[in-house]
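See below for the structure under consideration.
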Amino acid sequence: MEHDTSVNDSKENGTERYFLVREDILPEAVVKTMQAKELLARGEAKTVHEAVEAVGISRSAFYKYKDGIHPLNKLERERLVTLSMDLEHRSGILSRVLAVIAGLEGNVLTIHQTIPLQGMANVVLSVDTTHMGASNAARLMDVIRHQDGVRKASIIGQGS
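Numbered according to this note's numbering, the sequence shown spans residues 270 to 429.
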């Protein structure tokens, strides 16, 4: 009989696997952990102790599962991309890039720009791409790279 080690291997390799599972087949402690997290998020429980007491699980069960369970709608909503760009030091280039992002329904969360040196400035943007559609990051990068004054653009981080 063969032993499937793919779950253990994925943990050891640092890769994470995700599964879409119907709530009614999850263990009770996992479901109640999600309920406790929701109570905390809504402010209906002020502490983990209050939340776990309200749903009827132990604190150890809560801490065991809390980082591994999230509502699907939260995972769908949070699509953050961090971009790094080298821009020519000319008036309006960053403004045009920001307009492109807004035009594609991206939401700029943070902007960091270095002081221009030798006619170039590095800009790092964090962008919420939730409302941009399926191929959001790839399309965004393609449009940005074709903007006048953008010398280099790459995704340096992606996730929620």
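Glycine included, each C-beta is placed from N, C-alpha and C at the ideal position.
- A straight line joining the alpha-carbon of Ile370 with that of Met389 spans about 21 Å.
- By the CB criterion at 8 Å, Val396 and Leu352 fall inside the cutoff.
- Secondary structure note for Gln416: it is in no beta strand (DSSP E), with a DSSP letter that is neither H nor E.
- In the structure shown, Glu313 adopts coil according to DSSP, grouped into three states.
- Boundaries of the alpha helix (DSSP H) around Ser329: 328-334.
- The alpha-carbon separation between Val290 and Glu374 amounts to approximately 30 Å.
- For Asn391, DSSP records a beta bridge to Asp355.
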